[in-house]
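Each residue of the sequence shown is one higher than the last, beginning at 263 in our numbering.
Each residue gets a CB set at the ideal place from its N, CA and C atoms; glycine is no exception.
Everything below concerns the one structure shown next.
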Amino acid sequence: MAIFESTRGLIEETEKSGLPIWEYVLKTSCEESNISEEQSWEMMGKTFDAMLESYRSYDQFQVSASGLVGGDAEKMRVARNSGDTICGSFIGSVIATALTVSECNACMHRIVAAPTAGSCGVLPAVLLPYAHVKDLSRDDLIKALYVASGFGAVIAQRASISGAEAGCQAEIGSASAMAAAALVYLHGGDLRMMENSVAMALKNMMGLVCDPVAGLVEVPCVKRNVAGAMNALASAEMALAGIESRIPADEVIDTMKVVGSMLPPSLRETGEGGIAASPTAHRLFPDGPKI
Ligand code: SF4
């Protein structure tokens, strides 16, 4: 993927090119990685297919090796199908999809790290239900993945997408920002709206620590994917309504990097702090992190 240095640069260069943003990201990334546009499109198509397959591979009876994760996506699906929910069918699908793909990751299925394995549920959680409701094509969703990857590349370049480096704000936060931009694109929003959605999504996740119980990407990771997806929806919705972030996206990304560097090691994927240090986590895993 192309290394875009700023969201502002990405947007201004896209405007100059006269291309839709997905195509600008596609062309630029091909130039940098020296592959043809056909090859790139095929690879992104395979990425989308793998994302879809990770959703379809769910087994409601399977639990993770630790026993901490499994079956919650099915509970959510049953609740949504009952019609008796607070949030309604679409949001119920988003929550269920985030749980589905994240549980599959915990159960060692093949998933798409988008941008990481721990945050693999966020993008499919918003893209698949939205595509279903709007009857979108596979090509539409591949284009949305290019949009998400363009903004994700900026975050990776300017800050980090690693929980070990900058906390969960860099994993679930980045996934949420990428998903927000993809949603704005799919809903017909303009480039400024995409930029604003990224800024708002990341601000809402600022300071989120990485604290996996026993060092396993299970608790709180699986349910945190739901939060990332819901935040993406809200950020995209606000941006599409014309609400702007008072702080530009690039400054938010830079701030996330600073905040990440201030987090102690115990809150950066070591499984030693945060929820991982709760009494119940200690009782479940008295010998500490497994990794
Ligand atoms: S808590 Fe850590 S391991 Fe879990 S999703 Fe967040 S960054 Fe990844």
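(request) Can you tell me which of Gly280, Ser355, Tyr317 puts its alpha carbon nearest to the alpha carbon of Cys369? (result) Tyr317
(message) Pop quiz: Met455 and Leu502 are said to be a contact at Cβ under 8 Å. What is the actual Cβ separation, rounded to whole angstroms?
(response) 6 Å
(message) With three or more C-beta pairs closer than 8 Å as the rule, is the stretch 320-333 touching the stretch 428-437?
(response) no
(request) Report the option in Gly536, Phe413, Val409 whose CA atom is closest to the CA atom of Trp303. (result) Val409
(request) Please classify Arg400: does DSSP put it in a helix, a strand, or coil? (result) helix
(message) Need the endpoints of the alpha helix (DSSP H) that Ser279 sits in, please.
(response) 269-279
(message) Please report the straight-line C-alpha distance between Ser395 and Ser436, rounded to a whole angstrom.
(response) Just to set this straight, residue 395 is Val in the shown sequence, not Ser. For Val395 and Ser436, the distance between alpha carbons rounds to 25 Å.
(message) Suppose you measure from the CA of Gly350 to the CA of Thr542; what does that come to, to the nearest Å?
(response) 33 Å
(message) Could you give the first and the last residue of the continuous alpha helix (DSSP H) run that contains Arg342?
(response) 334-344
(request) Could you pull the start and end residues of the alpha helix (DSSP H) that Glu315 belongs to? (result) 299-318
(message) The alpha helix (DSSP H) that contains Asp321, what's its start and end?
(response) Segment: none, Asp321 is in no alpha helix (DSSP H) and carries neither H nor E.
(request) Could you name the residues of the same chain whose beta carbon sits closer than 7 Å to that of Cys292, not counting the 5 residues immediately before and after it, in chain order? (result) Ser298, Glu299, Ser302
(request) Figure out for me which residue from Ile283, Ile348, Tyr320, Ser344 has the closest Cα to the Cα of Ala335. (result) Tyr320
(request) For my contact list, Cys472 and Glu531 are in at a C-beta cut-off of 8 Å; report their separation, rounded to the angstrom. (result) 4 Å
(request) Evaluate the contact criterion for the stretch 491-506 versus the stretch 444-452: three or more CB pairs, one atom per stretch, below 8 Å. (result) yes
(request) Taking all protein chains shown into account, decide if Asn487 is buried (16 or more other Cβ within 10 angstroms of its Cβ) or exposed. (result) buried
(message) Residues in the same chain with beta-carbon distance under 8 Å from Pro391, minus the five sequence neighbours each way, listed in chain order, please.
(response) Phe352, Ser355, Val356, Thr359
(message) Let me confirm a value: Ala312 is counted as buried when at least 16 other C-beta atoms fall within 10 Å, else exposed. Which label applies?
(response) exposed
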